[in-house]
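Take 168 as the starting number for the sequence shown in the numbering used here and just add one per residue.
Don't be surprised by glycine CBs; every beta carbon is placed ideally from N, CA and C.
The structure appears below as structure tokens.
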Amino acid sequence: MASTSRNATRALRTALRQLSQPRVQQRTFAVAANASRPSVQKLATSAFVQQTRGKKTVDFAGDKEVVYERDDWPRDKILDYFKNDTLALIGYGSQGHGQGLNLRDNGLNVIIGVRKDGASWKEAQQDGWVPGKNLFEVEEAIKKGSIVMNLLSDSAQSSTWDKIKPLLTKDKTLYFSHGFSAVFKDITKVEPPTDIDVILVAPKGSGRTVRTLFREGRGINSSFAVFQDVTGKAEEKAVALGVAIGSGYLYKTTFQKEVYSDLYGERGCLMGGIHGMFLAQYEVLRENGHSPSEAFNETVEEATQSLYPLIGQNGMDYMYAACSTTARRGAIDWSSRFKETLKPLFADLYKSVKDGKETERAMEYGGRPDYREAFEKEMEEIRGMEIWRAGKAVRSLRPENQ
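As structure tokens, this is what we get:
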């Protein structure tokens, strides 16, 4: 990329220094939305339409939505709200690990339910969960719990449902962090009982991120939804649990919209699409005589270490403004061409999600007896790609890794 101007370089360095500094103070949605913008961008009018404690109506580009902040759910209030509840968290994968530890640190009565002596059981023990006290086999944990947090993998939720459903007796609450099983019930066979509350809180990040942001005193953004409200308190319960697991703010959605957007995003810009673009750009550079280090730096390293953080902090316009005239002119011109080329592919992807094809594929793959071995083989192939082998060498040269 062409060199940045002197002023833009100073702005970029300042922004990166701010990003690298830990932010341990509570960062609510209000703070994020009202944060001062750099001088390269004019301030927009206030996004807030209406405000009450812990709940705000926000104008998102002309579409008014309600967001819920953790301000209205301090720790004492959460403890009082769930004082008579036992939270039975089923599964100890990525989300189970992060949410479970956060709930425990918040002082709630949470127990873990996993297969005895399996890998998850052993990992839970390493994290301080004690067999017979707060670590049980799945069926026993569900019987003890008043709120059953089903955080098993999507395929495992389907394969274990016949054993779990009879244990979901009246007055219990069923909690998910993904709408997958309930929305695609014709495929998963997961159909909740009709006499219990069924809710969802979906953190917008991995369980590791949920845990890390919580420990830093921050909070991840999450969506929440109500599938079934028998008690009349399902929404309130979902918001309270969302804060308890470590959310900084939450926005309301539906089970269907959550799973459609989640599957679509993972396969698109969040993971699959961006990996495909990285590979395509890197390979063309290599085919034209560029070295592995140069190709990786111009494809991945500069994106993740310099430019993407600027987008995350202040938007695409700020990233453009921080770059040279030559860089921004070419980027703006080519962005429209990429959009025209990629939009039909993204439309095909969304249709594949909505039609259930992605669900069928995920269920088939996740249900294979050799799933872990097959997944590791794919990861080994990715690790062996030249781009990521070059990346390992590039990362080792970062000053913080010296």
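Three-state secondary structure assigned by DSSP to residue i
| i | result |
| --- | --- |
| residue 487 | helix |
| residue 462 | helix |
| residue 569 | coil |
| residue 376 | helix |
| residue 238 | helix |
| residue 340 | strand |
| residue 326 | helix |
| residue 576 | The structure shown does not extend to residue 576, since the chain is modelled only from 168 to 569, so the question has no answer here. |
| residue 347 | helix |
| residue 360 | coil |
| residue 439 | helix |
| residue 320 | coil |
| residue 335 | coil |
| residue 456 | coil |
| residue 564 | coil |
beta-carbon residue i near the ligand FAD non-hydrogen atom, thresh 8 Å
| i | result |
| --- | --- |
| residue 509 | This structure lacks the ligand FAD; in fact it carries no ligand of any kind. |
Distance between residue j and residue i (C-alpha atoms, nearest Å)
| i | j | result |
| --- | --- | --- |
| residue 451 | residue 518 | 30 Å |
| residue 356 | residue 527 | 12 Å |
| residue 336 | residue 363 | 8 Å |
| residue 300 | residue 463 | 50 Å |
| residue 514 | residue 258 | 34 Å |
| residue 541 | residue 284 | 23 Å |
| residue 230 | residue 224 | 10 Å |
| residue 523 | residue 427 | 10 Å |
| residue 404 | residue 375 | 24 Å |
| residue 497 | residue 506 | 14 Å |
| residue 377 | residue 492 | 38 Å |
| residue 348 | residue 566 | 45 Å |
| residue 529 | residue 239 | 38 Å |
| residue 545 | residue 551 | 10 Å |
| residue 345 | residue 458 | 42 Å |
| residue 490 | residue 385 | 30 Å |
| residue 406 | residue 420 | 12 Å |
| residue 439 | residue 533 | 17 Å |
| residue 424 | residue 430 | 10 Å |
| residue 479 | residue 245 | 31 Å |
| residue 410 | residue 484 | 32 Å |
| residue 267 | residue 282 | 16 Å |
| residue 569 | residue 559 | 13 Å |
| residue 237 | residue 226 | 19 Å |
| residue 290 | residue 261 | 11 Å |
| residue 401 | residue 508 | 43 Å |
| residue 330 | residue 520 | 28 Å |
| residue 317 | residue 343 | 5 Å |
| residue 304 | residue 255 | 11 Å |
| residue 326 | residue 365 | 19 Å |
| residue 453 | residue 293 | 45 Å |
| residue 486 | residue 471 | 13 Å |
Counted within 10 angstroms of its Cβ, other Cβ atoms place residue i as buried (16 or more) or exposed
| i | result |
| --- | --- |
| residue 549 | exposed |
| residue 297 | exposed |
| residue 233 | exposed |
| residue 193 | Caution is warranted here: a pLDDT of 35 is assigned to residue 193, below 50, making its placement in the model unreliable, and the coordinate value is therefore given only provisionally. Residue 193 comes out exposed. |
| residue 538 | exposed |
| residue 511 | exposed |
| residue 469 | exposed |
| residue 392 | buried |
| residue 333 | exposed |
| residue 564 | exposed |
| residue 422 | buried |
| residue 499 | exposed |
| residue 501 | exposed |
| residue 516 | buried |
| residue 553 | exposed |
| residue 475 | exposed |
| residue 442 | exposed |
| residue 361 | exposed |
| residue 369 | buried |
| residue 250 | exposed |
| residue 209 | Caution applies to residue 209, whose pLDDT of 39 falls short of 50 and renders its modelled position unreliable; the model cannot decide the point. |
CB contact below 9 Å: residue i versus chain C
| i | result |
| --- | --- |
| residue 459 | Annotation note: the requested chain C is absent from the structure, which comprises a single protein chain. |
Which residues DSSP lists as bridging residue i, in chain order
| i | result |
| --- | --- |
| residue 570 | The displayed coordinates of the chain run from 168 to 569. Any statement about residue 570 would go beyond what the structure contains. |
| residue 419 | 391 |
| residue 414 | 387 |
| residue 397 | The partner list for residue 397 (beta bridge, DSSP) is empty, contrary to what the question assumes. |
| residue 365 | 341 and 395 |
Next item on the list: Output the residue ranges of the beta strand (DSSP E) runs that lie fully inside the region 475–553 and measure 3 residues or longer, sorted by chain position.
Entry: none
Checklist line | Any beta strand (DSSP E) of 3 or more consecutive residues that is wholly inside the region 250–317 | finding: 254–257, 277–280 and 314–317
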